[in-house]
Amino acid sequence: MDITIYLPDELGKWAKENDLGLSRMLRDAVEEEKRRREAEAALEAGRATHKLDVREPDGYGGDDDITVRLHGTLIATQDVDDGHGSTEVYLGEDGKLYIHDFLGELHRDAEPEHLREYLDEAAYIKAMRALGQKPVIDVGLPYLADRERIARPRRDTYARPDHIVITLTSGGLRWNYISLRNHLDVFPANAIGASSRSGGEGEKLTVHFDGLPDPVKTDITGAPKYFFRCRKPIGKFFAHHDLRPGEKIAIEKQSDYEYRVLPVR
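Our numbering puts the first residue of the sequence shown at 37, with every later residue one more than the last.
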């Protein structure tokens, strides 16, 4: 279809002098607007009331199980097949993003850039397309994990410390996991496997849990979890030291693939 575009003389002269591809620019703009409107229509058509089982802090170091009725559209789901359910992303009728993670926590008023922390690349792209936004994928960072899995950049990430301290949460203690998401620079990139074993495991680390008789061989699960895959020894470690929410543990690097985990008291 031929379309005539009017530009004021001065603006048209400038565009010509700068060799702007007006036809291509218009086509790109129209295609972008088309994607945006189609995404809006799909979101409108998918609106529903979703009942979510949510864990909320009870104010006493534990959790309350509540039901949340979320009014909006489910735009992306990522299954986690090792007994943790799935992570879901919703766009509420209020225009806010909600992330219901695999541990039952509901993250309210999230930003699109936060999705990369909770979803793998395919689910992230799907969510961004549903929002009518262009996905942004990071590559080439020094601590980039293999097979296109990456952690969110953070300040001082290049320091590569050999000692980190992590505060335990009630969810971690309940489900026997230690969140490593903000500390992936301490571990070899090839030690990060897929979210589930069926997707592939990373190189094994040797982890010594203080108080347990034998070291454990394990890798680190990929997005959205990022914790040691072997959770039974972690549960034994928590029980041995009677650890509670808010208490801290330390992870010490012994060598490139060997670590020690102990309580901080």
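From the three backbone atoms N, C-alpha and C, an ideal C-beta is built for every residue, glycine too. Note that the coordinates shown come from a computational prediction; the quantities given were computed from them, not determined experimentally.
- Judged by their CB atoms, His219 and Arg296 are not nearer to each other than the 8 Å cut-off.
- Counting the other Cβ atoms within 10 Å of the Cβ of Thr109 gives 16 or more, which makes it buried.
- By a beta-carbon distance limit of 8 Å, Arg265 contacts Ile256. Their separation comes to about 7 Å.
- Asp89 has its alpha-carbon roughly 14 Å from the corresponding atom of His107.
- For Glu124, the secondary structure class from DSSP, reduced to helix, strand or coil, is strand.
- C-alpha of Asp130 to C-alpha of Val172: approximately 24 Å in a straight line.
- Counting C-beta atoms within 10 angstroms of its own C-beta, Thr40 has fewer than 16 neighbours from the protein chains shown and is therefore classed as exposed.
- Between the alpha carbons of Gln114 and Lys52 lies a distance of about 48 Å.
- Checking the DSSP bridge columns, you'll see Asp89 partnered with Thr103.
- Per DSSP, the continuous alpha helix (DSSP H) segment holding Glu74 begins and ends at 58-81.
- Relative to the Cα of Ile228, the nearest Cα in the group Thr205, Ala166, Leu133, Tyr262 belongs to Tyr262.
- Secondary structure at Tyr154: helix, using DSSP grouped into helix, strand and coil.
- DSSP places Arg296 in no alpha helix (DSSP H) but in the uninterrupted beta strand (DSSP E) bounded by 294-300.
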